[in-house]
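*Asks:* Using the numbering used here, the first residue of the sequence shown is number 8, and each one after it goes up by one. Glycine included, each C-beta is placed from N, C-alpha and C at the ideal position. Values in this document were obtained by computation on a predicted structure and should not be read as measured data.
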Amino acid sequence: SLFLMTTHDQQRILLVFDFDNTLINENSDYWIIEAIHQDLRDFSLKLYTDNPSMGWPIFMDHCMQRSFSHHGETVSSIQQRFAEIRMDNELRELLIHCSSPPRDIEIRKVIISDANEWFIKWILEHNQLSNNVFDEIITNPVELSPSSSGMKILPLLSGHNCSYGCHSNICKRIILESIVSGDRFDPNKTVDSPVSVEIKSRYYDRIVYVGDGNNDYCPTTILRAEDVVLAREGYSLEKRLKEKAVPARILSWSTHSDLVHHLKS
Numbered sequence: 008s009l010f011l012m013t014t015h016d017q018q019r020i021l022l023v024f025d026f027d028n029t030l031i032n033e034n035s036d037y038w039i040i041e042a043i044h045q046d047l048r049d050f051s052l053k054l055y056t057d058n059p060s061m062g063w064p065i066f067m068d069h070c071m072q073r074s075f076s077h078h079g080e081t082v083s084s085i086q087q088r089f090a091e092i093r094m095d096n097e098l099r100e101l102l103i104h105c106s107s108p109p110r111d112i113e114i115r116k117v118i119i120s121d122a123n124e125w126f127i128k129w130i131l132e133h134n135q136l137s138n139n140v141f142d143e144i145i146t147n148p149v150e151l152s153p154s155s156s157g158m159k160i161l162p163l164l165s166g167h168n169c170s171y172g173c174h175s176n177i178c179k180r181i182i183l184e185s186i187v188s189g190d191r192f193d194p195n196k197t198v199d200s201p202v203s204v205e206i207k208s209r210y211y212d213r214i215v216y217v218g219d220g221n222n223d224y225c226p227t228t229i230l231r232a233e234d235v236v237l238a239r240e241g242y243s244l245e246k247r248l249k250e251k252a253v254p255a256r257i258l259s260w261s262t263h264s265d266l267v268h269h270l271k272s
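(1) LYS116 and LEU22: beta carbons closer than 7 angstroms?
(2) Decide yes or no for the touch test of the stretch 209-229 against the stretch 241-249: beta carbon pairs closer than 8 angstroms, at least 3 of them.
(3) Assuming ASN235 contacts VAL215 under a Cβ cut-off of 8 angstroms, what Cβ separation, rounded to an integer in Å, is found between them?
(4) Using DSSP with H/G/I as helix, E/B as strand and the rest coil, what is ALA255?
(5) Evaluate contact between the stretch 119-139 and the stretch 74-91, counting only Cβ atoms and requiring at least three cross-stretch pairs below 8 angstroms.
(6) Since ASP36 contacts LYS159 with CB under 8 angstroms, what's their CB separation in whole angstroms?
(7) Pop quiz: LEU4 and PHE66 are said to be a contact at Cβ under 8 angstroms. What is the actual Cβ separation, rounded to whole angstroms?
(8) Taking ILE43 and HIS78 to be in contact with their CB atoms under 8 angstroms, please state how far apart those CB atoms are, rounded to whole angstroms.
(9) Tell me the rounded alpha-carbon separation between LEU266 and ILE181.
(10) Quick one: measure Cβ to Cβ for ARG191 and GLU250, integer angstroms, because I've assumed they're closer than 8 angstroms.
(11) On the criterion of 16 or more Cβ atoms from any shown chain inside 10 Å, does PRO64 qualify as buried, or is it exposed?
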């Protein structure tokens with residue numbers, strides 16, 4: 008069961024979701040490059056090969072600028088392309104249902120992703136998930152170009168002190184550390200003043216972390232025995248958890264039907 012005995016009136020549950028290959032079955036960054044043009048795919052492969060240390064948001068920004076300059080894409084046309092990505096309907100309905108929990112349960116739903124705010128926002132909107140379904144979406148920010156025809160993808164963080172090899176623009180453990188007390192994420196405050204989860208008050212009775220990727224391992228290392236990790240089968244997170252276990256309960260899932268079953272149980 009997801010529920011615990013508590014000393015306060017409400018069960019307080021924090022649901023944390025990765026986005027790509029977790030809430031959707033695609034990687035939105037790879038998907039949009041493939042969807043636009045073969046030339047953009049070739050450009051992205053060469054760019055990545057020639058600049059292996061380039062940060063992911065910078066890489067994606069170069070690809071988007073190429074789509075504007077060479078393929079006639081606009082912010083609007085890219086937004087419309089994402090209408091093809093459909094979320095699992097059962098999962099979608101569960102997320103909506105969790106927005107109105109019983110009075111004795113408080114559920115906060117957060118996305119922490121290395122995608123970017125516009126790609127996530129557009130996909131959620133195309134799947135009729137309004138802004139209030141998720142309490143917070145923490146990801147790489149996007150700026151609209153002066154002409155409003157283009158966009159610039161920026162890194163969420165300018166750096167951090169993580170020792171697990173997270174990319175410089177995001178460490179999901181640092182983000183999770185900053186919100187376990189019930190606060191909202193502040194990238195400037197968090198990076199300047201790293202917190203210790205051991206001494207900071209935990210607001211939530213249980214944290215449920217849902218993910219698939221390599222960068223989802225780092226945040227699971229601060230979870231407790233009463234917390235739950237839902238790791239997608241065959242992906243990097245599951246493999247790393249098998250190599251080095253964490254205190255939290257580990258459950259694996261393959262399809263969104265599996266994931267919904269775990270969340271409902």
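*Replies:* If we stick to the structure as given:
(1) yes
(2) yes
(3) According to the sequence as given, residue 235 is Val; it is not Asn. Indeed, because the Cβ distance is near 5 angstroms, the residues count as touching under 8 angstroms.
(4) coil
(5) yes
(6) Not confirmed; about 15 angstroms, so no contact.
(7) The structure shown does not extend to residue 4, since the chain is modelled only from 8 through 272, so no value can be given for it.
(8) 6 angstroms
(9) 25 angstroms
(10) So it is not a contact: roughly 33 angstroms between Cβ atoms.
(11) buried
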